[in-house]
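Here the protein sequences line up with chains X and U, keeping their order.
Numbering follows our numbering, in which position 130 of the first sequence is assigned residue number 130; successive positions increment by one, without gaps.
Offset between the second sequence (1-based) and our numbering: plus 1000.
Number of protein chains: 2
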Amino acid sequence: MSAQAPLEPETRERILRTAFQLFHEQGFHATGIATIVREAGINPGSLYHFFDSKDQLLLQVLEFAIGYLEPAVMAPVERRTSDPFERIFALLAQYREGMVASGCRMGCPIGNLALEVSDSNPEARDLIHRNFQNWASRVAGWLTEAGQRLPKQLDRAQLARFVLTVMEGGLMQARAANDLRPFDEAVAVLRQHLELLRRRTARRRSRAVRRPAGKRRR
Amino acid sequence: MSAQAPLEPETRERILRTAFQLFHEQGFHATGIATIVREAGINPGSLYHFFDSKDQLLLQVLEFAIGYLEPAVMAPVERRTSDPFERIFALLAQYREGMVASGCRMGCPIGNLALEVSDSNPEARDLIHRNFQNWASRVAGWLTEAGQRLPKQLDRAQLARFVLTVMEGGLMQARAANDLRPFDEAVAVLRQHLELLRRRTARRRSRAVRRPAGKRRR
DNA sequence: ACAGAAGTTGAGTGATCACTCAAACTTTTT
DNA sequence: AAAAAGTTTGAGTGATCACTCAACTTCTGT
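Quick look at the structure:
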């Protein structure tokens, strides 16, 4: 009786997943309700039983995406390695794999919607912003774990947002070029930047060790 | 007679400029032919006299954008300053001004189209790619002019593409946040990266001066 | 002055858009 | 077992989509 797992919490979630994927593949405006309905194997009325409008569906898809980040994106990355820096590049590599799998198409689902709908739909913009914030928070957490390998006064959250910046910009150029090189280059420059920050940290620390006394405070 | 300047090479170009602006403001799919025609003050038939289809119009708009880059974007920046590094940040500042003027909307016209249409329209993708290439070529030219202020073996073209990466990623996040801070932060990190490259260059050069003799080759 | 080309007009085309709803079916509650 | 609530059906709605075309006006060359 009570042991019955929710074997059919289907329809609503199937619509969300289908819409999420189609918005990712084709964009929001290019995806018609008819296509979503066909791909999800339901009828229009069912969709409108769960969602008031296409715009409402978009908002729910963006909320779905927030929940999707942890299990489908971050968890696999954190399982692969525990080193903070390696995690960052494993995360970028995972998006890269998505590009390879789709033949340099699609890119980041949130990034695409960010440019397509955030000007005309304030609620969607908010949710996109929250998606980005969650993403960057996770990366900032890793950078904080990196501790003394980075300059003490370095703003971890800012650098995390920069990682997102580089990823989104790199994905955009890779799609335009139909070639992953621009993305790989961007990641390489990011890696070099982190390396330069770390070297500077090491240099300063070794200097501090040589002169262990004073004049650090203020 | 021959002195008559083309006082009315209007319609075709007015359509292109109107479409360019509307695609920038609303995106390609969200902009109907009816809107373009109304804003340009013409009739549908006139548009289809010059352009075979909406997709063809998009391609011509993207070609128009290639010609637009030099006079409307690069020339003003180069007029403002002649220092290579300052030119880069003047260019970024110009896109920033566009965001301020539009209330954190719109972003980069080419970048928006890159994410919206490059998957489904190969010819458009090519033209978007060429737009990006031209943009990055100009920046790469500046970086080359920077000469010895950067490491000799540093790939100028790659760094120029990275500048584009940072700009596009920064604009995307600024639009999602409805706040220019993410963009400003990204530019600041880019500035810091260039600064680190320059410091490393200076350090190496001064070391080379101290030991002016050999072992540089190979 | 005149013909042909170039450009413009705007009502009209079928297709597709997001969306509706009364009726039927299924599950849950009592 | 009956009532209530939840879910699904799918043909159908008006609005808007990209696009057409025959008639008309304006340029251009001779």
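Glycine residues also receive a C-beta, built at the ideal position from the N, C-alpha and C atoms.
- When 7 angstroms is used as the limit between beta carbons, M1106 (chain U) is near these residues of chain X: D119, in chain order.
- Below the 7 angstroms Cβ cutoff, chain X contributes L196 as neighbours of L1196 (chain U), in chain order.
- Nearest in C-alpha terms to Q1148 (chain U), of all of U:I1033, U:R1199, U:P1071 and U:S1046, is U:R1199.
- The alpha carbon of A1101 (chain U) has as its nearest neighbour, out of U:V1189, U:Q1192, U:T1018 and U:E1025, the alpha carbon of U:E1025.
- Within chain X, not a single residue places a beta-carbon under 8 angstroms from that of Q1021 (chain U); the smallest gap is close to 13 angstroms.
- With 16 or more neighbouring CB atoms inside 10 Å of its own CB, N1112 (chain U) falls in the buried class.
- Taking 7 angstroms as the CB threshold, T1018 (chain U) stays off the interface with chain X.
- Excluding its 5 nearest sequence neighbours in each direction, L190 (chain X) has C-beta neighbours in its own chain below 6 angstroms: V166, listed in chain order.
- By the rule that beta-carbons nearer than 7 angstroms mark a contact, G1169 (chain U) touches chain X.
- Interface annotation, A1140 (chain U): not in contact with chain X, CB-CB separation never under 7 angstroms.
- Per the coordinates, the alpha-carbon of L197 (chain X) lies some 28 angstroms from the alpha-carbon of R1175 (chain U).
- At a Cβ-Cβ threshold of 7 angstroms, M1172 (chain U) and A114 (chain X) count as neighbours.
- The residues R87 and A90, in chain order, have a CB closer than 8 angstroms to that of T81 (chain X) in the same chain once the five nearest residues on each side in sequence are set aside.
- By alpha-carbon distance to G1098 (chain U), the top candidate from U:E1195, U:A1186 and U:L1180 is U:L1180.
- Between D155 (chain X) and E1185 (chain U), the alpha-carbon positions lie close to 10 angstroms from each other.
- For the pair of segments examined, the segment 1132 to 1148 of chain U was found to touch the segment 1064 to 1084 of chain U: the number of CB pairs separated by less than 8 angstroms reaches three.
- N1112 (chain U) belongs to the set of residues whose beta carbon lies under 7 angstroms from a beta carbon in chain X.
- With contact defined as three or more Cβ pairs closer than 8 angstroms, the segment 1034 to 1052 of chain U and the segment 1117 to 1128 of chain U are not in contact.
- Taking P1182 (chain U) as the centre and dropping the five residues before and after it, the same chain places the C-beta of G1170, Q1173 and A1174 closer than 7 angstroms to its C-beta, in chain order.
- Between the C-alpha atoms of Q158 (chain X) and E1013 (chain U) there is a straight-line separation of about 43 angstroms.
- For L1115 (chain U), at least one C-beta of chain X is nearer than 7 angstroms to its own C-beta.
- Residue state for T1018 (chain U) is assigned as helix, using DSSP reduced to three classes.
- For G45 (chain X), the uninterrupted alpha helix (DSSP H) segment begins and ends at P44 to F50.
- I1036 (chain U) is a Cβ neighbour of L1022 (chain U), given a cutoff of 7 angstroms.
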